[in-house]
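Note that the numbering used here has the sequence shown beginning at 19, numbered continuously upward. In what follows, a single structure is set out as structure tokens and then discussed.
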Amino acid sequence: MDAFVLGAGGQLGMEMVRELEGRGYEVLALARRDLNITVESEFEALMERSRPRWTINCAAYNLVDQAESEPEKAMAVNGFAVRGLAQVCQRFGSTLLHYSTDHVFDGRSEQPYVEEDLPAAPSAYGISKLAGEHFARSYCDNAYIVRVAGVFGPGGVITRHGNFPELIYKRTSADEPLRIVNDYFSTPTYAPALASRSIDLLEKAAPGLYHLGGGETISWYEWARKIATTAGLSPDLITPIGHVDYPTPAKRPQYASLSNARTEALGIATMPSLDQAATEWLELRNKIATAKQS
Ligand SMILES: NC(=O)c1ccc[n+]([C@@H]2O[C@H](COP(=O)([O-])OP(=O)(O)OC[C@H]3O[C@@H](n4cnc5c(N)ncnc54)[C@H](OP(=O)(O)O)[C@@H]3O)[C@@H](O)[C@H]2O)c1
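As structure tokens, then:
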């Protein structure tokens, strides 16, 4: 067995399975109904049977605001479960690929974050993801930790929690006005491009910490306009607001730009532009939506 993909029902998990299979790897796709990653004994039993070369963990608790009122749940999935995965991987000699987030940073920098920058997570979610990074690194010698931001993939049209482009697409399609924050910045990361570059990393680079954010730093407002424009919908339905006008339970990093300089220096392809990614995302999400209806 080449790889386990955990959280295979999520938007990144499904792209990872598609990309691995496309490269001819033998994959066991494990969605939440197949494996709850917090149950270490079940993971261990699967590992005992199949002994994959790679264990790719795409499962996560991603409810940034909700985590403020249930930090234990966030920590159970994003922190302690990762400790269990890392320990089992170490015992069975499986390499662990685990994903983290730009929310491990406080966002006060004015330059894109590099891997050497000191994290200072501003929320319960960020703290739980940072704990996961530490557990992965501390308990598994062969661990790749990849930080990403604002993940969006075509599968978001069918996953439980969707993604930002999906929300903007649905609301602007219904002619609903929207207020979107214009003074918070991110590097939205296109899931299919992330999946292929992640596998390149496994194939070519040594274990370690890597950033693989999207190709551009953009405000959430500008990103929303780009989505509406790409879809031929009206960007004028979207009004820019400051973050002070949109209070949320969780603090978010204001400038959450991830630098991919380290991965690019290793020969990993640059991420596609947001225009390119948005165009492809739209085409693929429409195909999935149409297939779902018929
Ligand atoms: N989405 C983002 O904007 C974003 C931003 C930064 C970093 N990331 C990171 O990128 C990675 C991939 O995220 P994604 O965007 O693909 O998220 P996603 O679409 O929400 O997928 C996550 C998957 O994990 C599953 N899951 C949750 N708890 C689980 C458990 N205890 N056992 C097994 N599966 C469980 C979820 O199932 P249910 O749907 O049933 O809950 C879902 O299928 C994660 O590490 C995430 O933290 C994502």
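Note that the Cβ used here is the ideal one computed from N, Cα and C, for glycine as well. Just so you know, these numbers come straight off a predicted model, no measurement behind them.
- Within the same chain, 249, 251 come within 8 Å of residue 191 by CB-CB distance, once the 5 residues on both sides are set aside.
- The DSSP-derived three-state label of residue 274 is strand.
- The alpha helix (DSSP H) runs lying completely inside the region 241–308 and spanning 4 residues or more are 279–283, given in chain order.
- Taking a cut-off of 8 Å for Cβ pairs, the region 117–137 and the region 225–238 touch, as three or more such pairs fall below it.
- Of the other Cβ atoms in all chains shown, fewer than 16 fall within 10 Å of the Cβ of residue 305; this residue is therefore exposed.
- Counting only runs that start and end inside the region 140–169, the alpha helix (DSSP H) elements of at least 4 residues fall at 142–157.
- DSSP places residue 55 outside both helix and strand once states are collapsed to three, so it counts as coil.
- Here DSSP, grouped into helix, strand and coil, assigns residue 80 to coil.
- A distance criterion of 7 Å places the beta-carbon of residue 76 in contact range of ligand 1, judged by its closest non-hydrogen atom.
- Between residue 92 and residue 146, the CB-CB gap stays under 8 Å.
- Contact between residue 220 and residue 157 does not hold, since the beta-carbon distance rounds to 19 Å and is not under 8 Å.
- Per the DSSP secondary-structure output, residue 75 pairs in a beta bridge with 24, 116.
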